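*Asks:*
There are 2 protein chains.
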Amino acid sequence: MAFPQNVRLVEVGPRDGLQNEPEPIGTETKLALIDRLGAAGLTHIEAASFVSPKWVPQMADHREVMQGLTRRQGVTYSALTPNLRGLEAALECGVDEVAVFGAASEAFSQKNINCSVAESLERFAPVLERAREANVRVRGYVSCVLGCPYEGEIAPAKVAEVSKALYEMGCYEVSLGDTIGTGTPLKAKRMLEAVAREVPMDKLAAHFHDTYGQALANLYAVLEEGVAVIDSSVAGLGGCPYAKGASGNVASEDVVYLLDGLGIESGIDLEALAATGTWITQTIGRPNRSKVGVALSAK
Amino acid sequence: MAFPQNVRLVEVGPRDGLQNEPEPIGTETKLALIDRLGAAGLTHIEAASFVSPKWVPQMADHREVMQGLTRRQGVTYSALTPNLRGLEAALECGVDEVAVFGAASEAFSQKNINCSVAESLERFAPVLERAREANVRVRGYVSCVLGCPYEGEIAPAKVAEVSKALYEMGCYEVSLGDTIGTGTPLKAKRMLEAVAREVPMDKLAAHFHDTYGQALANLYAVLEEGVAVIDSSVAGLGGCPYAKGASGNVASEDVVYLLDGLGIESGIDLEALAATGTWITQTIGRPNRSKVGVALSAK
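Top line first, the protein sequences correspond to chains P and L.
Every letter in the first sequence is one number past the one before it in UniProt numbering, and letter 62, counting from 1, is 62.
Every letter in the second sequence is one number past the one before it in UniProt numbering, and letter 90, counting from 1, is 90.
(1) Taking any Cβ of chain P, which residues in the segment 158-192 of chain L have a Cβ under 8 Å from it, in chain order?
(2) Y257(L) CB to nearest chain P CB: under 8 Å?
(3) Rounded C-beta distance between I113(P) and S120(P)? I'm assuming under 8 Å.
(4) List the residues of chain L that D210(P) touches, going by C-beta distances under 9 Å, in chain order.
(5) Taking 6 Å as the limit between beta carbons, can you name the residues of its chain near D61(L), skipping five residues before and five after?
(6) Below 8 Å on C-beta distance, what does L262(P) contact in chain L?
(7) Using a C-beta cutoff of 8 Å, does Y150(L) count as contacting chain P?
(8) According to the neighbour-count rule (16 or more other Cβ atoms, all chains shown, within 10 Å of its Cβ), is Y77(L) buried or exposed?
(9) Does the distance from the CB of A243(L) to the CB of T211(L) come in under 8 Å?
(10) Which residues in the same chain as K187(L) place their Cβ atom closer than 7 Å to its Cβ, once the five residues preceding and following it in sequence are excluded?
(11) Leaving aside the five residues before and after T184(L) along the sequence, list all residues of the same chain whose C-beta is less than 6 Å from its C-beta, in chain order.
(12) Which term fits P82(P), buried or exposed, when burial requires 16 or more other beta carbons within 10 angstroms of its beta carbon?
(13) Count the other CB atoms, across all protein chains shown, that sit within 10 Å of the CB of T70(L); report buried if there are 16 or more and exposed otherwise.
(14) Could you spell out the range, first to last residue, of the beta strand (DSSP E) harbouring D260(P)?
(15) For the putative contact between A99(L) and V138(L), defined by C-beta atoms under 8 Å, what is the C-beta separation to the nearest angstrom?
(16) Sort out for me which residues DSSP pairs I45(P) with in a bridge.
(17) L296(L) to V75(L), Cα distance in whole Å?
(18) Just reading off the beta strand (DSSP E) that D231(L) is part of, what are its end residues?
(19) Apart from the five residues on each side of it in sequence, which residues of its chain come closer than 6 Å, Cβ to Cβ, to Y172(L)?
(20) In its own chain, which residues sit with a C-beta less than 7 Å from the C-beta of S49(P), not counting the 5 before and 5 after it?
(21) Write down every uninterrupted run of the beta strand (DSSP E) in the segment 157-238 of chain P whose length is 3 residues or greater and which is fully enclosed by it, in chain order.
(22) Could you tell me the alpha carbon to alpha carbon distance between V256(P) and I268(P), rounded to whole angstroms?
(23) Tell me the DSSP secondary structure of A104(P) in three-state form.
(24) What residue range is occupied by the uninterrupted beta strand (DSSP E) comprising R72(P)?
(25) Run through DSSP, which three-state label would R289(L) get?
(26) Could you give the DSSP three-state label for A99(L): helix, strand or coil?
(27) What residues in the segment 50-84 of chain L have a beta carbon less than 8 Å from any beta carbon of chain P?
(28) By the criterion of Cβ-Cβ separation under 7 Å, what are the contact partners of K111(L) in chain P?
(29) L273(L): beta carbon under 7 Å from a heavy atom of the ligand MN?
(30) Exposed or buried, P116(P), counting other C-beta atoms within 10 Å across all chains shown (16 or more means buried)?
(31) Suppose you measure from the CA of A134(P) to the CA of P126(P); what does that come to, to the nearest Å?
(32) I believe C144(P) touches F108(P) by the beta-carbon criterion, under 8 Å. Please report the beta-carbon distance rounded to the nearest angstrom.
(33) Quick one: Cα of I280(P) to Cα of A228(L), how far?
(34) Where does residue 301(P) land, buried or exposed, given buried means 16+ other C-beta within 10 angstroms?
(35) By the three-class DSSP mapping on this structure, what secondary structure does S143(L) have?
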């Protein structure tokens, strides 16, 4: 067990955090959010999702967002691209990096993207091939790694199998998503250990949701194992679609506070990040789900 | 590092959780809360505080609460007794156990109870002596073990010194309070290790606040060290008086969910506990600060 010296945060607030918001959020607000996140020191920002506006109306302005960015040196602006059409559009907009989205649960894959896990991987093959041609890196997400809303428990071996497939297809990094936030620390460790036997630890990221309040404990447990990439969302933006009113993504501010306390470098300015969380939640009229954000702004 | 097989929760909701509520809460509501907590499997409930109503008006009905309890077999009903007068009143009401409240921070002690740490310990001596005569156990609290609102960082050696003094004076257990919730896991471990060199681990409890969202991560870290007693508050009742709007006590439901996931026995029925959290927060008009409580009630 050895903590990493540095951790890279992948900020998913502008995409995962906003995508389920029912009221349209202006492109200018999204761009301002992305800019403030970059100014706070985030080096990896998931900015948009190139999916059909029929599925995710909130992300309909993905072209305007991706083309309207004020790019900062050293910052990667990525987008979700579930298929070749989405990828082509993202490439036209000059995306730095794209992501594909698989699942460790057959039932979740069927209900969410209407095909088996194996079929989903087949669909990603041309996306990865085209991205390679365009010299754009692809990140792979695996959802339901610590539980599924339909199947319940998920075997670590299944997570390892899907992660290995994505890695071998060419994903440079695999992000392990506790989509419904039901994981606890020892389960998170066991899952990670199973995956790390197939994919190098430095190619893995932890994407944990805080639905049951366990995200930081789970992150601490996998940091002990050496995970050095963490996905999070400013102000904890993004609810859990499987439990109305419940939390979704772990808050970036709370993760940075944890890392600071552990002496792990992230390069992020916590005060600037917390101010961004206060600003965006006030702007879109949502509660601030970062406890650090609330505590700092109450001071 | 060895996780305990069993953990005892000390439920502080009826006292620490309610004491700062500005609107008076009826004695019947407090009694119903205590009864439901016992029914959910809590075996240790801090029911009241025998302090002057001038200081803590919400606890003015301490006699009525302590005498009105429907006692369950196997449940300890305790009360805070800062001085001999409070202890005598608590003894008259048939209290099972009492608690005294010290600090690891000189500045906090001065501002909070208007005396030095050494003087506070001297004041506890007659309380402990009288409790011993009455055959009533005394629990010792140490506040500010991971930070002070006035002094900032607190040396682990200072926490160990105060803990040792309380233990040697006769406290059967010392509860280590991260009063302002600024702790992080490695600091919590280091503090605990320092204390455990002076007081046996099985005489120590972790009393962590969630102001910065770190409580469960910190608890996981000290469970790894073998701590087997955790203080918590149903629904996370109790704000942080040092940061308006910020969280106070870690939520009992979230702790039980963590323990269940780690395979550690607590004897608590999580659904009954979560229902109690939903009920009390609705009754007193407070947000439910247990993420588990919110997620389960949203299902």
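Idealized CB from N, CA, C, for every residue including glycine.
Just so we're clear, the structure is a prediction, and the values are computed from it rather than from any experiment.
*Replies:* On the basis of the coordinates in this document:
(1) So the close ones are G181, G183, T184, P185, L186, K187.
(2) In the second sequence, counting from the first residue as 1, residue 257(L) sits at position 257. Output row for Y257(L): interface = yes.
(3) Position 113 of the first sequence, counting from 1, holds the residue named residue 113(P). Position 120 of the first sequence, counting from 1, holds the residue named residue 120(P). At roughly 6 Å, the Cβ-Cβ gap stays under 8 Å, so I113(P) and S120(P) are in contact.
(4) On the first sequence, residue 210(P) is found 210 positions in, with the first residue counted as 1. Residues of chain L with a Cβ closer than 9 Å to the Cβ of D210(P) are, in chain order, G213, K291.
(5) Taking the second sequence and counting its residues from 1, one reaches residue 61(L) at position 61. Closer than 6 Å at Cβ, skipping near neighbours: T27.
(6) Looking up residue 262(P) in the first sequence gives position 262. Under the 8 Å cutoff, chain L gives T184, P185, L186.
(7) Mapped onto the second sequence, residue 150(L) falls at position 150. Using a Cβ-Cβ cut-off of 8 Å, Y150(L) does not count as an interface residue toward chain P, since no Cβ of chain P sits closer than that to its own.
(8) Taking the second sequence and counting its residues from 1, the one referred to as residue 77(L) is at position 77. Result: buried.
(9) Translated into the one-based positions of the second sequence, residue 243(L) becomes position 243. Translated into the one-based positions of the second sequence, residue 211(L) becomes position 211. Going by beta carbons, A243(L) and T211(L) fall inside the 8 Å limit.
(10) If you number the second sequence from 1, residue 187(L) lands on position 187. Result list for K187(L): L146, in chain order.
(11) Locating residue 184(L) in the second sequence gives position 184, counting from the first residue. Closer than 6 Å at the Cβ level, and outside the excluded window around T184(L), lie Q214.
(12) Start at 1 with the first residue of the first sequence, and residue 82(P) comes out as number 82. Its Cβ being crowded by 16 or more others within 10 Å, P82(P) is buried.
(13) In the second sequence, counting from the first residue as 1, residue 70(L) sits at position 70. Taking every protein chain shown into account, the CB of T70(L) has fewer than 16 other CB atoms within 10 angstroms, so this residue is exposed.
(14) Indexing the first sequence from 1 puts residue 260(P) at position 260. Unbroken run through D260(P) is the alpha helix (DSSP H), 252-262; no beta strand (DSSP E).
(15) In the second sequence, counting from the first residue as 1, residue 99(L) sits at position 99. In the second sequence, counting from the first residue as 1, residue 138(L) sits at position 138. That pair is a contact at about 7 Å.
(16) The residue you call residue 45(P) lines up with position 45 of the first sequence. Bridge partners of I45(P): E11(P), Y77(P).
(17) Along the second sequence, one-based indexing puts residue 296(L) at 296. Along the second sequence, one-based indexing puts residue 75(L) at 75. So the two alpha carbons sit approximately 26 Å from each other.
(18) On the second sequence, residue 231(L) is found 231 positions in, with the first residue counted as 1. It spans 229-232 - the beta strand (DSSP E) in which D231(L) sits, taken as one unbroken run.
(19) Here residue 172(L) refers to the residue found at position 172 when the second sequence is read from its first residue. Listed in chain order, the non-local C-beta contacts of Y172(L) below 6 Å within the same chain comprise R137, local neighbours out to five positions each way being set aside.
(20) The residue you call residue 49(P) lines up with position 49 of the first sequence. Around S49(P): R15, Q19, V56, M59, H62, A79, L80.
(21) Taken in chain order, the complete beta strand (DSSP E) segments of 3 residues or longer contained in the segment 157-238 of chain P are 173-178, 204-208, 229-232.
(22) Translated into the one-based positions of the first sequence, residue 256(P) becomes position 256. Translated into the one-based positions of the first sequence, residue 268(P) becomes position 268. One C-alpha to the other measures close to 7 Å.
(23) Sequence index remark: in the first sequence, residue 104(P) carries index 104 (1-based). When DSSP states are grouped into helix, strand and coil, A104(P) belongs to the coil group.
(24) In the first sequence, the residue the question calls residue 72(P) occupies position 72. It is not in any beta strand (DSSP E) - R72(P) carries neither H nor E in the DSSP assignment.
(25) Translated into positions along the second sequence, residue 289(L) becomes position 289. Coil, per DSSP.
(26) The residue you call residue 99(L) lines up with position 99 of the second sequence. DSSP, reduced to helix, strand and coil, places A99(L) within a strand of the structure shown.
(27) Answer set for the segment 50-84 of chain L: empty.
(28) Here residue 111(L) corresponds to residue number 111 of the second sequence, with the count starting at 1. Within 7 Å Cβ-Cβ: nothing; K111(L) doesn't reach chain P, min ~17 Å.
(29) Questions concerning the ligand MN fall outside what the structure shown contains, since it holds no ligand whatsoever.
(30) Position 116 of the first sequence, counting from 1, holds the residue named residue 116(P). What sits at residue 116(P) in the sequence shown is Ser, not Pro. Exposed, because fewer than 16 other Cβ atoms sit within 10 Å of the Cβ of S116(P).
(31) The residue you call residue 134(P) lines up with position 134 of the first sequence. The residue you call residue 126(P) lines up with position 126 of the first sequence. Rounded to whole angstroms, A134(P) to P126(P) spans 12 Å at the Cα level.
(32) Translated into positions along the first sequence, residue 144(P) becomes position 144. Translated into positions along the first sequence, residue 108(P) becomes position 108. C144(P) to F108(P), Cβ: 5 Å. Contact.
(33) Within the first sequence, residue 280(P) is the residue found at index 280, counting from 1. Within the second sequence, residue 228(L) is the residue found at index 228, counting from 1. As the crow flies, the alpha-carbon of I280(P) is around 41 Å from that of A228(L).
(34) Residue 301(P) lies beyond the stretch modelled for chain P, which goes from 1 to 299, so this question has no answer here.
(35) In the second sequence, counting from the first residue as 1, residue 143(L) sits at position 143. The answer is strand: DSSP assigns S143(L) an E or B state.
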